[in-house]
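A quick write-up on the structure given underneath.
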Amino acid sequence: MKANDKKTVEKSSIQASWLFPLSVKNDFVFNPSPRDFTVEEIPLYEFSGSGEHLIVQVRKKGLSTWELTDLLSNRLGIPRRQIGYAGLKDKHALTTQYLSLPASVEKELEGFEHEGVKILETTRHENKLRVGHLKGNRFRLRFKKVLGVQKEKIDRVLDWIEKSGMPNYFGEQRFGTEGSNWQEGQALVEGKLRIRERKMREFLISAWQSKLFNDWLSRRMGISRLLEEFGEREVEGIEKLPVGTLTETKRQEHFFKILEGDWMMHYPYGRLFVAENLASEATKFSAKDRCPTGLLPGRKVKRALEPARIVEAPYDDERIAEQGSRRYAWVFPEEIRRRYVPEKAHYELSFTLPKGSYATVLVAMLKGGF
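For the sequence shown, this note's numbering assigns the number 8 to the initial residue and increments by one for each residue that follows.
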């Protein structure tokens, strides 16, 4: 990323409601709390039952995963780095997740008590849990003050999501209470800020990577939305793309359009490959067999090819020395279950998402914008 790219990123960071084709204002109430928001981690694999690591299933409330690991570190007298986890869980929900601890603390753990933490079960495994070692998460949410018209709006958007999926934005909690973690990460990359603690440094820089991804995704959502309203030549002019770039893209039926040069990945996991035959890739994308991916900039990461690279380049900070990766641009919620309680004006919703995806993004779609 060059200095003159800054305005492009700032402009694209506005995630306007018009980006979503069914966007309608919906004023139901959702306040994330342990009563109305639960998250259950789905393990990537079955634990073996033997080994030098103690696998602990924990239910918590009022604590972030980092606060939980700090608490266990202090109570058990072990360094935090010896505690493994597969994913970070929301502080404002009732969440169930797995941690790995050295087996040597099993006895000390038996007497562990805390008002916000309950140990549900323990087992053993050969390996320490690492970030990403989970299949996904199961969410349960309760919306309040949902009247008839509001229920119909929620149902209509959920019908669309069941069929077409949803954009894989990083949720607002990814950026901290004030939403400014990414700014510190950017300052670290630019050499304007120094932090010695490696984990905190990596965390803040990853927030900057996430911000760049979200901005790129908003740009791609914008292109997809424009193609629903205008001809490909008009959109090429608006986006300053070479003539002919969007000819095949315009013909795709799915709302989120694939560009030539995009890196695709089999869904919900699999290898990366470049989109070449757009018609074929679009058909398989609609069938939930594969998805386009976006860039988390850094080292040793595959960049998009032309012409997709034209759109990606302003959101690629090549100064980032940390490992880069590619992330699904789109995901498909599964096991969607709904229940409306008219006498209480409550709407109860449950669904599963793959790892790294945010329920709060789905909620934002239901409320009419990002």
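Glycine included, each C-beta is placed from N, C-alpha and C at the ideal position.
Since we're looking at a predicted model, the values are computed, not measured.
- In the structure shown, Tyr276 adopts coil according to DSSP, grouped into three states.
- A Cβ-Cβ separation of about 5 Å places Arg149 in contact with Glu355 under the 8 Å criterion.
- Distance between Arg346 and Arg147, taken at the CA atoms: about 11 Å.
- Across the structure, Phe44 and Leu75 are spaced so that their CA atoms are roughly 18 Å apart.
- One Cα belongs to Leu29, the other to Ser171, and the distance between them is close to 12 Å.
- Within its own chain, the residues whose Cβ lies closer than 8 Å to the Cβ of Arg333, once the five positions on either side in sequence are excluded, are Trp270, Met272, Leu279, Thr300, Gly301, Leu302, Leu303, Val308, Lys309, listed in chain order.
- According to the DSSP secondary-structure assignment, Met271 is paired through a beta bridge with Phe280, Pro299.
- The stretch 152-168 makes contact with the stretch 367-374, as at least three CB pairs between them are under 8 Å.
- Only exposed fits Ile245, as fewer than 16 other CB atoms lie within 10 angstroms of its CB.
- Contact check for Ile62 against His140 fails: the beta carbons are separated by 7 Å or more.
- Counting only residues of its own chain and dropping the five nearest sequence neighbours on each side, Leu78 has a CB closer than 8 Å to the CB of Leu70, His121, Val124.
- Residues of the same chain with a CB within less than 6 Å of the CB of Arg258, apart from the 5 flanking positions on each side, do not exist.
- For Pro50, the pairing in a beta bridge is given by DSSP as Leu141.
- Spanning the alpha carbons of Gly56 and Ala110 requires a straight line of approximately 12 Å.
- Going by DSSP, Phe358 is part of no alpha helix (DSSP H) but of the beta strand (DSSP E) stretching over 353-361.
- Gly305 is positioned such that its CB atom lies closer than 7 Å to that of Ile327.
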